[in-house]
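To keep things clear, I will list the structure first and then write my remarks on it.
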Amino acid sequence: KTWVGKDKLDYERKYSTAFTARPTAKLMIACNSIPTFTDKSMGTWRRLKIVPFGRVDTSVVDTELDEKLEAELPGILNWAIAGLKDLRENKGFVVPDKSLELWERQKEESNPAGMFLRESYFWEPQDMFGVSPIAIYRTYRKWCTAKGYNPMSDRNFGKEIRRAFPNVAKQRLGTGTSRHYAYPGLRLKPGAEVRTILGHKF
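So for the sequence shown, the UniProt record's numbering puts the first residue at 1; every next one is plus one.
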């Protein structure tokens with residue numbers, strides 16, 4: 001994040017004096033599988049652009065591609081210059097729909113707890129009862145077992161609830177011996193898949 005955020009970094013040169021400067025290059029990483037990011041905030045994701053490259057069947061590989069591209073170098077240069085012009089005019093890369101769809105899917109899959117919360121619950125401000133922290137965490141763990149995910153701790157799960165639903169806060173409700181903690185306004189969606197996992201028929 002420090003690099004792509006253009007923060008100043010210290011650079012060391014062999015047999016010379018170190019210096020501080022802002023990076024100007026873009027990092028490009030080619031991979032078969034997109035890595036999982038532990039950072040659940042938007043700090044990483046808003047810096048990330050995903051460009052999908054479809055698999056090419058080896059039977060249609062052009063063995064003369066190098067020669068063909070060399071013959072088209074003037075046109076490729078003009079294409080690159082036009083791309084630079086667009087980049088400067090738009091003050092950044094224009095992200096195609098296919099890249100946006102992949103970005104959204106990867107963001108969801110990198111945070112199973114957030115995906116569970118958004119798919120299964122909604123916020124109803126008029127509901128003053130909500131769900132108990134113990135009940136929602138137990139539901140989350142059962143969902144993880146069914147989906148093959150490793151559940152996070154209850155403390156970190158509480159942070160994910162606040163991230164997914166900023167208006168929801170854990171409160172102590174009731175009086176006397178009936179006092180208990182709950183997330184007022186947080187409700188299980190009527191058609192949530194987790195209802196089937198829990199064995200609910202309604």
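Idealized CB from N, CA, C, for every residue including glycine.
Everything numeric in this text was worked out from a predicted model, so none of it was measured.
- For Trp-3, there is no enclosing beta strand (DSSP E), as DSSP marks it with neither H nor E.
- Residue environment: Ser-120 is assigned as buried (16 or more neighbouring CB atoms within 10 Å of its CB, all protein chains considered).
- When the beta-carbon positions are compared, Tyr-137 and Phe-157 come within less than 7 angstroms of each other.
- Thr-20 is bridged by DSSP to Asp-10.
- DSSP places Arg-172 in no alpha helix (DSSP H) but in the uninterrupted beta strand (DSSP E) bounded by 171-173.
- Looking at Trp-103, Ser-132, Asp-154, Pro-74, the one whose alpha-carbon comes closest to that of Pro-184 is Ser-132.
- Relative to Ala-135, the option among Arg-187, Leu-84, Met-128 whose CA is nearest is Arg-187.
- Trp-79 counts as exposed, since fewer than 16 other C-beta atoms from the protein chains shown sit within 10 angstroms of its C-beta.
- If you keep only unbroken alpha helix (DSSP H) runs of at least 4 residues inside the segment 140-180, you get 154-164.
- Beta bridge pairing from DSSP links Ala-182 with Gln-171.
- Within the same chain, and ignoring the five residues on either side of Phe-165 in sequence, the residues whose Cβ sits closer than 6 angstroms to its Cβ are Trp-123.
- By a beta-carbon distance limit of 8 angstroms, Gly-92 does not contact Arg-47. Their separation comes to about 11 angstroms.
- Restricting attention to alpha helix (DSSP H) runs no shorter than 4 residues, the segment 17-70 encloses them at 42-45, ordered along the chain.
- In the three-state DSSP reduction, Phe-116 falls in the helix class (H, G or I).
- For Tyr-15, the three-state secondary structure derived from DSSP is coil.
- Looking at the backbone, the Cα of Pro-52 and that of Ser-99 are separated by about 7 angstroms.
- Distance between Ile-161 and Gly-114, taken at the CA atoms: about 8 angstroms.
- Contact annotation: the segment 3-17 does not touch the segment 28-38, with fewer than three C-beta pairs closer than 8 angstroms.
- With fewer than 16 other CB atoms across the displayed protein chains lying within 10 angstroms of its CB, Gly-174 is exposed.
- For Asn-78, the enclosing alpha helix (DSSP H) has its first and last residue at 73-90.
- For Thr-139, the number of other beta carbons within 10 angstroms of its own is at least 16, and it is reported as buried.
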